[in-house]
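Student: Just add 557 to wherever you are in the sequence shown, counting from 1, and you've got my numbering.
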Amino acid sequence: MTGLSEVRFGPDGLVPVVAQESRSGDVLMLAYADRDALERTAASGMAHYHSRSRGALWQKGATSGHVQRVLEIRLDCDRDAVLYRVEQTGPACHTGSRSCFAEDGGGHILGRLASTIARRASDRTAGSYTVTLLDAGVPRISQKVGEEAVEVVVAANTAADEGLVAESADLLYHLLVLLQARDVAADRVWRELERREGTKPGSVPQ
558 MTGLSEVRFG PDGLVPVVAQ ESRSGDVLML AYADRDALER TAASGMAHYH SRSRGALWQK
618 GATSGHVQRV LEIRLDCDRD AVLYRVEQTG PACHTGSRSC FAEDGGGHIL GRLASTIARR
678 ASDRTAGSYT VTLLDAGVPR ISQKVGEEAV EVVVAANTAA DEGLVAESAD LLYHLLVLLQ
738 ARDVAADRVW RELERREGTK PGSVPQ
């Protein structure tokens with residue numbers, strides 16, 4: 558991250574911190590950190606915050622087990638707000654919800670699906686079609702992606718809208734499974750799309 562010397566703390570010595578799930582891009586929670594919390598986060602790779610009510614340092618998930626592994630720390634353009642990009646274990650909210658914000662408040666369905674696929678891969682969920690595909694390996698999954706792509710093309714030319722929608726969903730799912738099999742985070746695809754957004758064909762993004 559940018560050096561801590563650049564962080565503009567408020568008069569109370571705190572800076573707001575947004576925790577964002579890396580794979581889905583979903584905002585999980587808003588908390589605050591002082592210099593000590595940021596330094597401990599950077600050093601340990603685990604999210605630390607400062608409790609305004611208790612006036613004390615706390616590590617997310619230290620007691621509940623719902624830890625946040627911090628993959629990246631960013632500052633906003635004014636250097637007075639911080640973003641933790643995290644891998645969340647369990648729910649982020651103390652209420653038991655996945656996010657402290659509404660589930661559909663800007664949620665990214667493809668990101669959520671990618672997170673579900675990653676959990677299936679990690680948990681090896683019995684009877685899961687996703688696990689069966691992953692066990693078959695990259696060549697077989699690649700073949701499935703090709704088959705689903707052909708079915709999308711056929712549906713686009715012969716089927717009703719519902720058929721095209723269904724085949725498109727199948728293609729996107731299998732593509733996300735292929736990314737998981739290659740250990741490529743879907744977040745990298747979202748970033749590439751963001752990089753290309755608004756650029757003219759053949760132009761170099763600025």
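A virtual CB, placed ideally from N, CA and C, is assigned to each residue, including glycine. Computed from a predicted model, the values in this text were never measured in an experiment.
(1) Tell me the DSSP bridge mates of Ile630?
(2) Suppose only complete runs of 3+ residues qualify. What are the beta strand (DSSP E) ranges in the region 571-619, listed by chain order?
(3) Quick check on the DSSP output: the alpha helix (DSSP H) that includes Thr715 runs from which residue to which?
(4) Beta-carbon separation of Leu614 and His623 under 7 Å?
(5) Among Glu578, Val572, Tyr686, which residue has its Cα nearest to the Cα of Ser513?
(6) Less than 7 Å between the beta carbons of Val734 and Leu667, yes or no?
(7) Output yes or no for whether 7 Å exceeds the beta carbon distance between Glu704 and Ala712.
(8) According to the neighbour-count rule (16 or more other Cβ atoms, all chains shown, within 10 Å of its Cβ), is Gly582 buried or exposed?
(9) Per DSSP, Gln625 forms a beta bridge with which residues?
(10) At the level of alpha carbons, what is the spacing between Gln700 and Ala717?
(11) For Gly618, which residues of its own chain have a beta-carbon under 6 Å away from its beta-carbon, when the five flanking residues on both sides are left out?
(12) How many angstroms separate the CA atom of Ala576 from the CA atom of His651?
(13) So that I know if they touch, is there some Cβ in chain D lying closer than 7 Å to that of Leu690?
(14) On the CB-based measure, 16 or more other CB atoms within 10 Å of its CB, does Leu750 come out buried or exposed?
(15) Excluding sequence positions up to five away, which residues of its chain have a Cβ less than 8 Å from the Cβ of Ser760?
(16) Going by CA-CA distance only, name the one from Trp747, Thr646, Leu561 that's closest to Leu632.
(17) Take Cys634 as the anchor and find which of Val710, Arg565, Arg752, Leu732 has the nearest alpha-carbon.
(18) Compare the beta carbon distance of Asp591 and Gly570 with 7 Å and say whether it is the shorter of the two.
(19) Could you check which residue in Tyr686, Gly684, Val639, His731 has the C-alpha nearest to that of Val707?
(20) Between Tyr589 and Arg609, how many whole angstroms is the CB-CB distance? I'm expecting something under 8 Å.
Tutor: According to the structure shown:
(1) Per DSSP, Tyr641.
(2) List check, beta strand (DSSP E) in window: 572-578, 584-590, 605-608, 613-616.
(3) Segment 695-715, the alpha helix (DSSP H) holding Thr715.
(4) If you check the CB distance, Leu614 and His623 do not come in under 7 Å.
(5) Lying outside 558 to 763, the shown extent of the chain, residue 513 is not represented and no answer is given.
(6) Contact: no.
(7) Their beta carbons are not under 7 Å apart, which means Glu704 does not touch Ala712 by this criterion.
(8) So Gly582 ends up on the buried side.
(9) Answer by DSSP bridge pairing, in chain order: Gln645.
(10) For Gln700 and Ala717, the distance between alpha carbons rounds to 25 Å.
(11) The beta carbon of Gly618 sits closer than 6 Å to the beta carbons of Val624 from its chain, once the five residues preceding and following it are set aside; these are given in chain order.
(12) Going by the C-alpha atoms only, they are around 14 Å apart.
(13) Although the question refers to chain D, the structure presented lacks it and comprises just one protein chain.
(14) Flag for Leu750 reads exposed.
(15) Because Ser760 sits at a pLDDT of 44, beneath the cut-off of 50, its placement in the model cannot be relied upon, and the following sentence gives the value as read from the coordinates. Within the same chain, Ser760 has no close Cβ partners at all.
(16) Checking every option, the nearest Cα to that of Leu632 belongs to Leu561.
(17) Of the listed residues, the one whose Cα sits closest to Cys634 is Arg565.
(18) Between Asp591 and Gly570, the C-beta gap is smaller than 7 Å, which places the two residues in contact.
(19) Val707 has its Cα closest to that of His731, out of Tyr686, Gly684, Val639, His731.
(20) Contact between Tyr589 and Arg609 holds, since their C-beta atoms are separated by about 6 Å, short of 8 Å.
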